[in-house]
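Right, one structure below, let's go through it.
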Amino acid sequence: MLEIKNVTKRYNMKKALDNVSLSIPQGELVGLFGENGAGKTTLMKCILGYTSYTGSITLDGERISHKNIGRIAFATSEHSFFPNLSPNGHAEFYASQFATFNRRRFDVLMDFFELPRGRAAKRLSTGQKNQFEVVLALSQGADYILMDEPFSGNDIFNREDFYKVLLGILGERETVLLSTHLIEEVSSFIGRAVLIHKGQITGDVSMSDLEDSGEGLVDYVKRAWNYRADRIARAIDELGEDS
Amino acid sequence: MKDKLQRFFPPGIDARSEFVYFCSVLLAQAFIQAAGFFISYSSAKSAMYITLYNGRRVEDPDAVFESFSAMLGAGRWMLVLAGAYFAYLLVKLVSYHYLGGSRAAYTMRRLPRRGEYLIRCGSVPLAGLIASQIVWRTLTLLSGLIYVNATPEKWLPAGSWESVIRIITH
Numbered sequence: 705m706l707e708i709k710n711v712t713k714r715y716n717m718k719k720a721l722d723n724v725s726l727s728i729p730q731g732e733l734v735g736l737f738g739e740n741g742a743g744k745t746t747l748m749k750c751i752l753g754y755t756s757y758t759g760s761i762t763l764d765g766e767r768i769s770h771k772n773i774g775r776i777a778f779a780t781s782e783h784s785f786f787p788n789l790s791p792n793g794h795a796e797f798y799a800s801q802f803a804t805f806n807r808r809r810f811d812v813l814m815d816f817f818e819l820p821r822g823r824a825a826k827r828l829s830t831g832q833k834n835q836f837e838v839v840l841a842l843s844q845g846a847d848y849i850l851m852d853e854p855f856s857g858n859d860i861f862n863r864e865d866f867y868k869v870l871l872g873i874l875g876e877r878e879t880v881l882l883s884t885h886l887i888e889e890v891s892s893f894i895g896r897a898v899l900i901h902k903g904q905i906t907g908d909v910s911m912s913d914l915e916d917s918g919e920g921l922v923d924y925v926k927r928a929w930n931y932r933a934d935r936i937a938r939a940i941d942e943l944g945e946d947s
Numbered sequence: 308m309k310d311k312l313q314r315f316f317p318p319g320i321d322a323r324s325e326f327v328y329f330c331s332v333l334l335a336q337a338f339i340q341a342a343g344f345f346i347s348y349s350s351a352k353s354a355m356y357i358t359l360y361n362g363r364r365v366e367d368p369d370a371v372f373e374s375f376s377a378m379l380g381a382g383r384w385m386l387v388l389a390g391a392y393f394a395y396l397l398v399k400l401v402s403y404h405y406l407g408g409s410r411a412a413y414t415m416r417r418l419p420r421r422g423e424y425l426i427r428c429g430s431v432p433l434a435g436l437i438a439s440q441i442v443w444r445t446l447t448l449l450s451g452l453i454y455v456n457a458t459p460e461k462w463l464p465a466g467s468w469e470s471v472i473r474i475i476t477h
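Chains as they are written, first to last, in my numbering: chain A, 705 to 947; chain B, 308 to 477.
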């Protein structure tokens, strides 16, 4: 269980995260939704210990440190691979660092995405870099896989391929926390949706509960964010009156 | 050998060529320091003589033999340059984790092996700084031994050996 309790993060005087609490048990596929600057990336960086915060984040009751950090993988749109190292070189490096590294999954995913293995990672196309980033995160053998906008720059076909692969390969104990703007696209395969708005958790719902209620994920998100659909019509009306 | 070396460099950095640069800097430092001392020492010895109208060289009674410290100019410069190179290497290895369209620092900072990031960025530049200090002090000691033992005693400035020791231990 990944447990986030009362986490607050400030950048100077501005609160990027405001008293965030969240529990993520193993085996869930969780979508983390929020507008730009809502705090999604900051939350992931707090989990990984990249930035300081107040509050506590634990993994099965233990603070996250070098002892258990190997249980968490991270794929980010900023990328985290070694630019001069080839994919095969990455596989060797990961195998030397992470005892749980799954070479077979790495090979299968590399073949699936048809990624070149011998070329330096910086020479891959933008879409291939994103795919490679995800391949590494999924092959690390981690229990928790954090993905921060992993598909920015990939086309819809690529993304659909990825969703199918993700559903097909994830083990029972593997958990994915997926931060994305693509609410509609991921709504069919996530099990739970967490909404973050201005650094606060504003919604947390399981997809089965949502289904039972008859409300779609997009409508739920709009409601949670107090999205005013009439504001567009009003703006157009005002513009019409002016002209 | 390459694998062992690679453990002290970030993944993707060519350890062998970096090691060649590392050795070249230290060799250049040693060569220039030694050559600089021998050139200074030879010219200081020559300056102790004057050449008469008939071509004979005789000792100049007014000449003063150059101090040991003044003969180490090239060595001092090379110590500074080697230090600057190893500082540059540190910056290069750290910045590699932030450039090239990726933040590999994210990966390095979440490795289970504590200190891996530090070892792969800091150990070679630190070893270089230590090695350049060893080169400087060893060659200064050897140069000092030559200075004290190969120079006629009447030319030696007072406290020459103490000056050698002071420079080495400073």
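Note that CB positions come from ideal geometry on N, CA and C, so glycine has one too.
Would you tell me roughly how many angstroms separate the C-alpha atoms of B:H404 and B:M415, rounded to the nearest one?
8 Å
Short Cβ contact (9 Å threshold) for A:G894 with A:L733:
According to the sequence shown, residue 894 of chain A is Ile rather than Gly. Yes. Within cutoff.
Would DSSP call A:F810 helix, strand or coil?
helix
Interface residues of chain B facing A:Q801 [CB-CB closer than 8 Å]:
L418, P419, R420 and E423
Under 8 Å by Cβ, that's how I've got B:R427 and B:F315 pegged, so tell me the actual separation to the nearest angstrom.
6 Å
Where B:N361 falls, given that 16 or more other Cβ within 10 Å makes a residue buried
exposed
Simplified DSSP state of A:G895, which is helix, strand or coil:
coil
Considering only residues of the region 734-788 of chain A, which uninterrupted beta strand (DSSP E) runs meet the minimum length of 3 residues and lie entirely inside it, listed in chain order?
758-763 and 776-780
What does the alpha-carbon distance come out to for the pair A:Q844 and A:A777?
7 Å
Burial state of A:M705, where buried means 16 or more other Cβ atoms lie within 10 Å:
exposed
Give me, in chain order, the residues of the same chain whose beta-carbon lies closer than 6 Å to that of B:L397; leave out the 5 immediate sequence neighbours on both sides.
P432
is_contact[A:K713, chain B] using C-beta, thresh 9 Å:
no
Note down the Cα distance separating A:D722 from A:I905, rounded to an integer number of angstroms.
9 Å
Residues within the region 744-758 of chain A neighbouring chain B, beta-carbon criterion of under 7 Å
L752 and Y754
Closest by C-alpha distance to A:G875, when choosing among A:A846, A:T884 and A:L886:
A:A846
Closer than 8 Å at the beta carbon, the chain B residues around A:H885:
Within chain B, no residue comes near A:H885; the closest Cβ sits about 21 Å away, beyond 8 Å.
Which residues does DSSP list as the beta-bridge partners of A:H901?
A:Q904
Under the three-state DSSP convention, the category A:S727 falls into:
strand
What is the residue span of the alpha helix (DSSP H) that A:N930 lies within?
No alpha helix (DSSP H) contains A:N930, which DSSP labels as neither H nor E.
DSSP state of A:N834, grouped into three classes?
helix
Which one or two residues does DSSP pair with A:D852 in a beta bridge?
A:T780 and A:S883
Across which residues does DSSP place B:Y348 in a beta bridge pair?
Bridge partners of B:Y348: none, in fact.
I believe B:A377 touches B:M355 by the beta-carbon criterion, under 8 Å. Please report the beta-carbon distance rounded to the nearest angstrom.
In fact, because the Cβ distance is near 14 Å, the residues do not count as touching under 8 Å.
Which class does A:V909 belong to by DSSP, given the choice of helix, strand or coil?
strand
Would you mind reading off the limits of the alpha helix (DSSP H) that contains B:V365?
Segment R364 to E366 is the beta strand (DSSP E) holding B:V365; no alpha helix (DSSP H) there.
Once the 5 residues before and after A:T762 are set aside, which same chain residues still bring their CB inside 6 Å of it?
E707
Under the rule that 16 or more other beta-carbon atoms within 10 Å means buried, what is B:C330, buried or exposed?
exposed
Enclosing beta strand (DSSP E) for B:M359 [first to last residue]:
In the sequence as displayed, the identity of residue 359 of chain B is Leu instead of Met. Looking at the DSSP string, B:L359 is not in any beta strand (DSSP E), and its letter there is neither H nor E.
Alpha-carbon to alpha-carbon, A:E837 and B:P317:
18 Å
Could you confirm whether any beta carbon from chain B is found closer than 9 Å to the beta carbon of A:S784?
yes
Tell me, please, whether the region 824-843 of chain A touches the region 782-792 of chain A by the rule of three or more beta-carbon pairs shorter than 8 Å.
yes
With a CB to CB cut of under 8 Å and the five nearest residues on each side skipped, what residues in its chain are close to B:R444?
I475
Considering only the beta carbon of each residue, do A:G907 and A:Y931 sit closer than 9 Å?
no
Does the beta carbon of B:A412 sit closer than 9 Å to a beta carbon anywhere in chain A?
yes
Confirm, please, whether the CB-CB distance from B:R410 to A:T780 is below 9 Å.
yes
According to DSSP, is A:D722 helix, strand or coil?
strand
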